[in-house]
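Trainee:
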Amino acid sequence: MPDNFSWRPGGVLPSIENHSRRKLDVLRDYLDVYFDTVVTNPRLDCLNITLVDGFSGGGAYQANGEIEHGSPLVLLNAVEQARERINRNRKKPLDIKARFVFVDDNINHIEALRERLFQAGFGGLVGTDISLIHGRFSEELPGILGMIRATQRAGRSIFLLDQFGYKDVPMSCINSIFTQLDRPEVLLTFAIDSFLNYLQENSASLDLYRQFGINQQFIAEWQANKNDEALGRLITQRALMNNIQSGGGANFFTPFMLWSSTDNRWMMFAHMAQHQAARDKMLGVHWGAQNSFKHIGKGSLFSLGFDTRLLETKDSLFDFAEQDRVKLRQELLEEIPREISEVMAGEHLPVEIFLEKVGNRTAATNSDLFDAIKELSIAREIEIRSKNGSAKRTGSQVGKNDLIYLPRQKTLFSLK
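In the working numbering, the protein residues as written are 14 to 429.
#1: Have a look at Phe266, Ile143, Tyr43 and flag the residue whose alpha-carbon is nearest the alpha-carbon of Lys370.
#2: Closer than 8 angstroms by C-beta to Leu416: which residues in its own chain qualify, once you throw out the five before and the five after it? Chain order, please.
#3: Comparing alpha-carbon positions, which option in Gly261, Leu64, Asp175 lies nearest Gln165?
#4: Please classify Tyr211: does DSSP put it in a helix, a strand, or coil?
#5: Assuming Ile268 is part of the beta strand (DSSP E), what are its boundary residues?
#6: Quick one: what's got a C-beta closer than 7 angstroms to Phe135's C-beta in the same chain, skipping five residues either side?
#7: Please say whether Gly70 and His32 have beta carbons closer to each other than 8 angstroms?
#8: Quick check: what's the CA-CA separation for Pro197 versus Gly23?
#9: Using the beta-carbon count (16 or more within 10 Å), is Leu130 buried or exposed?
#10: So the beta strand (DSSP E) Asp241 belongs to, where does it begin and stop?
#11: Within the same chain, show all residues whose beta-carbon is closer than 8 angstroms to that of Ile99, passing over the 5 residues directly before and after it, in chain order.
#12: Is it the case that the Cβ atoms of Gln224 and Thr202 are separated by a distance below 8 angstroms?
#13: Grab the span of the beta strand (DSSP E) containing Leu145 for me, first residue to last.
#14: For the beta strand (DSSP E) that contains Phe172, what are its first and last residues?
#15: For Val139 versus Asp66, is the C-beta spacing smaller than 8 angstroms?
#16: Take the Cβ of Glu430 as the centre, count every other Cβ of all protein chains shown within 10 Å, and call the residue buried at 16 or more, exposed below.
#17: DSSP on Lys180, reduced to helix/strand/coil?
#18: According to DSSP, is Glu396 part of a helix, a strand, or is it coil?
#19: Less than 8 angstroms separating the beta-carbons of Ser28 and Ala76?
#20: Decide if Asn379 is buried, meaning its Cβ has at least 16 other Cβ atoms within 10 Å, or exposed.
#21: Please classify Lys340: does DSSP put it in a helix, a strand, or coil?
#22: Would you please state the rounded distance, in angstroms, between the beta carbons of Phe269 and His288? I believe it to be under 8 angstroms.
#23: Quick one: what does DSSP say Phe282 is sitting in, helix, strand or coil?
#24: Expressed to the nearest angstrom, what Euclidean distance is found between the alpha-carbon atoms of Arg169 and Leu212?
#25: Would Gly72 and Ala125 qualify as a contact pair, given that the criterion is a beta-carbon distance under 8 angstroms?
#26: Using DSSP bridges, identify the partner residues of Leu112.
#27: Which word fits Cys59, buried or exposed, when buried means at least 16 other C-beta atoms lie within 10 angstroms of its C-beta?
#28: DSSP beta-bridge partners for Leu416?
#29: Excluding the 5 residues preceding and the 5 following Tyr74 in the sequence, name in chain order all residues of the same chain whose CB lies nearer than 7 angstroms to its CB.
#30: Could you check which residue in Glu394, Leu173, Glu344, Pro183 has the C-alpha nearest to that of Ser354?
#31: Quick one: what's Leu200 bridged to in DSSP?
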């Protein structure tokens, strides 16, 4: 591990890099949205959750003479702030019972983090609500999962797996999280460019690479496209993302690309969850942090995997900027009717099912999709009815409980 990710008790803090700061900003913003979303029921009086940082480091960085919080302090402060914010206007107080598990395989990092926790006022929680574990995340995970299952019926948890590189979070670990817990979410860092740069002809025979779906065909595609720096690398990245999605066990996989100016390489920061609503909230965070992260390809409806059409269309990077949203919404008006026709099994399609069908294949938020569906209904490309089948007033708001019907007489997609 490089010196800029090294801590010692009482030692000089490492400097924070821009890409690390952006990841922490997204983590902070997502935790705010997460807690505000899961506690909307006013009758709820207790929320049990475990927050796991699999590569915790020493808990702080320095920047221009100032101290900036690392991920453990971001997690702890997010819960503290959520407790205050959520209970501000609640008649029935909500108790957030959060347990924190901080893991690192470097004992100096663990001791530096312990020191930082006491300095920040969280020292009294160490050994009770906070567990500090010196060890490899992959080896400690079975015990962590056992603890969560034993203490939380719903298994609500967030795993921050901000690894350095791509070797320290085996696909079997991610799969275990999603098969053994009911409500987990994972935030995974994966050095996707480094991974591709180290691919060799014999990589398909090595378990390290095979777990990510690497075979001779993948390597052949990579060899054929890697010299196209503009897009050849990008379409191979998409294929690798597809393999991680299929092997991870999560229903919803939302990858974003982040540029490291230090290493001159792209890395992937992916959100994985079992529920479409969680994916929608993370997309909202990325739209709010315009130009910090990028998505490969167009934003409307797409598929991961090898797609050499990108070489022709030049739809390379999507920036979550306002001009991208304008283009995305226009594309949705053209693509949604065809998508509905393909996935509709009976006479109608529940909006909620439609969201799940396209959930992994769009940079559009639910709000974007609702607006497009409403506009299509106004143009009579589709018909929207309430969940009991009764007609809704044209132009009324669309909700996930509504039903989509295709018109008896097909139009010619007049909004094209």
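Just so you know, even glycine gets a beta-carbon here, dropped at the ideal spot from N, CA and C.
Mentor: Reading it off the structure:
#1: Here the closest residue by C-alpha is Phe266.
#2: Counting only Cβ-Cβ distances below 8 angstroms, and skipping sequence neighbours, we find His361, Leu362, Pro363, Val364, Ile397, Arg398, Ser399, Lys400, Gly402.
#3: With distances taken between Cα atoms, Gln165 lies closest to Leu64.
#4: When secondary structure is reduced to three states using DSSP, Tyr211 falls in the coil class, being assigned neither helix nor strand.
#5: Reading the sequence as shown, one finds Pro at residue 268 and not Ile. Under the DSSP assignment, Pro268 falls in the beta strand (DSSP E) whose first and last residues are 265-273.
#6: Hits under 7 angstroms: Leu89, Ile143.
#7: Result no, Cβ atoms of His32 and Gly70 do not sit closer than 8 angstroms.
#8: Their Cα atoms are separated by approximately 35 angstroms.
#9: A residue is called buried once 16 or more other Cβ atoms fall within 10 Å of its Cβ, and Leu130 is buried on that count.
#10: No beta strand (DSSP E) holds Asp241; DSSP gives it neither H nor E.
#11: Answer for Ile99: Phe48, Asp49, Val52, Leu107, Ile109, listed in chain order.
#12: Annotated as distal: Gln224 and Thr202, with beta-carbon spacing of 8 angstroms or more.
#13: Counting along the chain, the beta strand (DSSP E) containing Leu145 begins and ends at 143-147.
#14: Looking at the DSSP string, the run of the beta strand (DSSP E) that includes Phe172 is 170-174.
#15: It is not a contact, given that the beta carbons lie outside the stated cut-off.
#16: Because the chain here runs from 14 to 429, residue 430 falls outside it and cannot be looked at.
#17: Under the three-state reduction of DSSP, Lys180 is assigned to coil, being neither helix nor strand.
#18: It is a strand residue.
#19: Against a cut-off of 8 angstroms, the Cβ pair of Ala76 and Ser28 comes out as a contact.
#20: When all chains shown are included, Asn379 counts as buried.
#21: Per DSSP, reduced to three states, the secondary structure at Lys340 is helical.
#22: With a Cβ gap of about 19 angstroms, Phe269 and His288 do not count as contacting.
#23: Phe282: strand per DSSP, three-state reduction.
#24: Those two C-alpha atoms are separated by around 36 angstroms.
#25: At the C-beta level, Gly72 and Ala125 come within 8 angstroms of one another.
#26: A small fix is needed here, since residue 112 is Arg in this sequence, not Leu. DSSP lists Thr63 as partners of Arg112.
#27: With fewer than 16 Cβ atoms within 10 Å of its Cβ, Cys59 is classed as exposed.
#28: According to DSSP, residue pairing for Leu416 in a beta bridge involves Pro363, Arg398.
#29: Contacts found: Leu26, Pro27, Ser28, Ile29, Glu81, Gly83.
#30: Ranking the options by Cα distance to Ser354, first place goes to Glu394.
#31: DSSP output for Leu200 lists Leu173, His284 as bridge partner(s).
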